[in-house]
Each structure stands twice: as structure tokens, then as C-alpha cells.
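Enquirer: Just so we're aligned, residue 393 is where the sequence shown starts under my numbering, counting upward by one.
Note that beta-carbon positions come from the ideal geometry of N, C-alpha and C, so glycine has one too.
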Amino acid sequence: MTVLKIKSLSAGYGDIQVLREINFSIKKGETVALLGANASGKTTFINSISGLVRPIKGEVYFEEKKINNLPAYKIAELGLIQVCEGRNLFPLMTVEENLQLGAYIERARPNLNKNIKMIYEMLPILYERRKQKAGFLSGGEQQMLAIGRGLMSNPKILMFDEPSLGLAPIIVQMVFEIIRKIKEQNITILLVEQNVVKSLKIADRGYILENGKIALSGEANKLLNNDKIRKAYMGI
Ligand code: ATP
Numbered sequence: 393m394t395v396l397k398i399k400s401l402s403a404g405y406g407d408i409q410v411l412r413e414i415n416f417s418i419k420k421g422e423t424v425a426l427l428g429a430n431a432s433g434k435t436t437f438i439n440s441i442s443g444l445v446r447p448i449k450g451e452v453y454f455e456e457k458k459i460n461n462l463p464a465y466k467i468a469e470l471g472l473i474q475v476c477e478g479r480n481l482f483p484l485m486t487v488e489e490n491l492q493l494g495a496y497i498e499r500a501r502p503n504l505n506k507n508i509k510m511i512y513e514m515l516p517i518l519y520e521r522r523k524q525k526a527g528f529l530s531g532g533e534q535q536m537l538a539i540g541r542g543l544m545s546n547p548k549i550l551m552f553d554e555p556s557l558g559l560a561p562i563i564v565q566m567v568f569e570i571i572r573k574i575k576e577q578n579i580t581i582l583l584v585e586q587n588v589v590k591s592l593k594i595a596d597r598g599y600i601l602e603n604g605k606i607a608l609s610g611e612a613n614k615l616l617n618n619d620k621i622r623k624a625y626m627g628i
């Protein structure tokens with residue numbers, strides 16, 4: 393079943409058009425990667441889904457309901473949850489308080505205790521640090537907390553905006569392992585990333601964004617073997 397469908401989406405800022413006629417879809421339980429270089433429009437794309445950027449043209453459908461006119465908080469309430477950047481946590485609140493905030497969405501509130509337990513099991517470092525202020529965590533721990541907070545919202549689709557950005561290689565590896573664990577729980581995932589190879593190894597399908605347009609799309613393993621992608625992103 394298709395849960396997210398995007399039809400001819402164009403978006404930008406004032407006179408600057410960034411995205412051009414994007415068609416995109418995700419089925420329930422799929423992990424789909426949207427990949428592209430710097431400034432190709434990845435953040436604009438994810439923000440157009442979560443309601444932070446208004447499309448110039450085109451439509452976004454979630455579970456067959458048109459959502460591109462809804463305010464961002466309503467889109468989150470429907471279960472489309474964007475993992476915030478690690479730096480956007482509440483630095484003076486504890487790890488546990490930050491997690492609890494993820495359950496502010498009505499449909500997630502009854503599951504608060506169950507979800508915190510599940511997240512502490514999946515990310516034991518957050519249990520160890522639960523009484524510490526989020527601002528004192530390392531970059532990698534903050535990213536894990538941001539992911540945990542996203543999971544606290546009982547996402548129907550969990551959307552990652554460059555979760556590996558600015559992290560050391562060993563932490564990047566950990567973040568991708570966490571995403572793999574989330575995928576194993578059959579949570580639907582949209583992964584927006586620059587790290588083409590690592591993302592395609594986790595994803596079921598991928599889309600390559602170049603200058604605001606989808607240049608290529610298909611099954612992840614086929615894209616990994618595609619000559620154009622191997623040349624452009626793997627140097628082989
Ligand atoms: P990066 O990986 O560098 O974050 P990206 O693929 O996420 O890049 P976007 O952040 O979507 O790309 O930016 C696409 C283009 O839109 C860039 O040229 C950027 O300068 C421009 N842009 C982004 N945000 C704004 C804004 N608020 N106002 C004007 N232009 C913007």
C-alpha cells in the first residue's frame with residue numbers, strides 16, 4: 393500500500409525555484425532513500441513534506457489524504473515525523489525530558505512508557521545518560537537522542553534529514569546501524585542523505601536528486617550497480 397505519494401512537486405524560496413516536478417512514493421514498511429549532493433534540494437524536499445516549506449506546485453498525499461495545505465503540526469499529528477537535527481534538541485532539558493517531549497502528539501501519549509522502555513533497550517547509551525542535560529551530550533549521542541525522540545512520536549513514516557552529517561565515521565556507522573534496527577521493526581522510513589553508498593545498502597529503493605530534479609530512481613541494489621552512480625559517487 394502506498395502511504396506517501398508526491399505528484400509533480402515544485403518548491404522554492406521566493407523567486408528561487410529549487411525543486412522541479414518531483415514524483416515520489418513510499419509504500420508501507422519500505423525504506424526509501426532520497427540522495428543528492430550539497431544544495432541539490434534534499435532539505436527543501438523533506439521540509440515540503442513536513443509542511444515547513446509550501447510547494448509552489450504539485451501535491452503531497454499521505455494515506456490518500458492531500459496534506460500539502462496542512463500546517464506542520466497537523467502533519468506531525470498524522471504520524472509523519474521528521475527527526476530533528478541533533479543540534480535542535482532542548483539543551484537545558486535532560487535526555488529523558490527530551491524523549492518525553494517526543495510523545496506530545498496525541499496518538500503517541502498513551503504509549504509513552506512503553507516507547508521509552510523500547511528506546512532505552514535499542515539505544516542503551518540514552519538510558520545511561522537519561523538524567524544528563526542534552527546540551528552536554530556528544531554530537532553522536534545527540535543524534536541518537538534526536539532519533540529516539542522521533543520514535544517517541546509513534547511515527548507512521550520516520551523521516552531523516554542527513555542523519556550522518558558532521559559526524560565522525562565510526563558514529564556514522566552507528567547511526568546507520570540504528571536506522572537498520574528501526575527498519576527491522578517495519579517502520580516506514582524516508583532517508584534523505586548525501587552518503588549514497590551507505591544509504592542504498594539499507595534502503596529498498598532510492599531516488600537521486602540532481603539540481604532539484606529526480607535524475608534516476610529504482611531498486612537500491614540496481615542503483616548500487618548502476619554505472620553512472622558508481623562513477624559519480626564511488627569513483628569507479
Ligand atoms: P545541503 O546538503 O547543503 O543541506 P540540500 O540538498 O539539503 O543541501 P537545500 O538545503 O534544499 O539543499 O537547498 C537547495 C537550494 O536552495 C540551495 O541553493 C540553497 O542555497 C537554497 N536555499 C535553501 N534554503 C533557502 C532559503 N531559506 N532561502 C533561499 N534559498 C534557500
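Leaving out five residues before and five after I467 in sequence, what residues of the same chain have Cβ atoms less than 8 Å from its Cβ?
Expert: Excluding positions up to five away in sequence, the list reads I441, S442, G443, F454, I459.
Enquirer: Compute every distance between the C-beta of I414 and the non-hydrogen atoms of the ligand ATP, then say whether any falls below 6 Å.
Expert: Checking every heavy atom of the ligand ATP against the Cβ of I414, none is found closer than 6 Å.
Enquirer: Do you know whose CA, among A495, E488, L550, G610, lies nearest R522's CA?
Expert: Per the Cα distances, E488.
Enquirer: Does the Cβ-Cβ distance between I539 and V475 come in under 7 Å?
Expert: Contact: yes.
Enquirer: I need the straight-line Cα distance from E602 to S432, nearest angstrom please.
Expert: Taking the straight line joining both Cα atoms gives about 5 Å.
Enquirer: Between which two residues does the beta strand (DSSP E) carrying V475 extend?
Expert: Element bounds for V475: 472-475.
Enquirer: Within this structure, are the beta carbons of G531 and L559 separated by less than 7 Å?
Expert: Contact: yes.
Enquirer: Within the chosen definition, does the stretch 563-578 reach the stretch 398-410 through at least 3 CB pairs nearer than 8 Å?
Expert: The stretch 563-578 vs the stretch 398-410: no contact.
Enquirer: I'd like the list of long-range same chain contacts for Q535, defined as Cβ closer than 7 Å, with 5 residues on each side in sequence excluded.
Expert: Answer for Q535: G478, P555, L559, V567, listed in chain order.
Enquirer: Can you tell me where the beta strand (DSSP E) with Q409 in it begins and where it stops?
Expert: Q409 -> beta strand (DSSP E) spans 408-419.
Enquirer: Any heavy atom of the ligand ATP closer than 6 Å to the CB of G450?
Expert: No, since every heavy atom of the ligand ATP falls outside the 6 Å radius drawn around the Cβ of G450.
Enquirer: Under 7 Å Cβ to Cβ from R572, same chain only, skipping five residues before and after it: list those, please.
Expert: Closer than 7 Å at the Cβ level, and outside the excluded window around R572, lie I594.
Enquirer: Find out if the Cβ-Cβ distance for the pair V445, T436 is shorter than 7 Å.
Expert: Yes, Cβ-Cβ distance for V445 and T436 is below 7 Å.
Enquirer: Is any heavy atom in the ligand ATP found nearer than 6 Å to the beta carbon of G542?
Expert: Flag unset: Cβ of G542 not near the ligand ATP.
Enquirer: Helix or strand or just coil, what does DSSP make of S556?
Expert: Three-state result, S556: coil.
Enquirer: Decide yes or no for the touch test of the stretch 605-617 against the stretch 575-584: beta carbon pairs closer than 8 Å, at least 3 of them.
Expert: The stretch 605-617 is not in contact with the stretch 575-584.
Enquirer: Given that a residue counts as buried once 16 or more other Cβ atoms are within 10 Å of its Cβ, and exposed if not, what is Y625?
Expert: By the neighbour-count rule (16 or more Cβ atoms within 10 Å), Y625 is buried.
Enquirer: Counting only runs that start and end within the stretch 507-558, where is the beta strand (DSSP E) found for 3 or more residues in a row?
Expert: DSSP runs (the beta strand (DSSP E)) wholly in the stretch 507-558: 549-553.
Enquirer: My assumption, with CB atoms under 8 Å, is that V663 sits in contact with K419. Please give the rounded CB distance.
Expert: The displayed coordinates of the chain run from 393 to 628. Any statement about residue 663 would go beyond what the structure contains.
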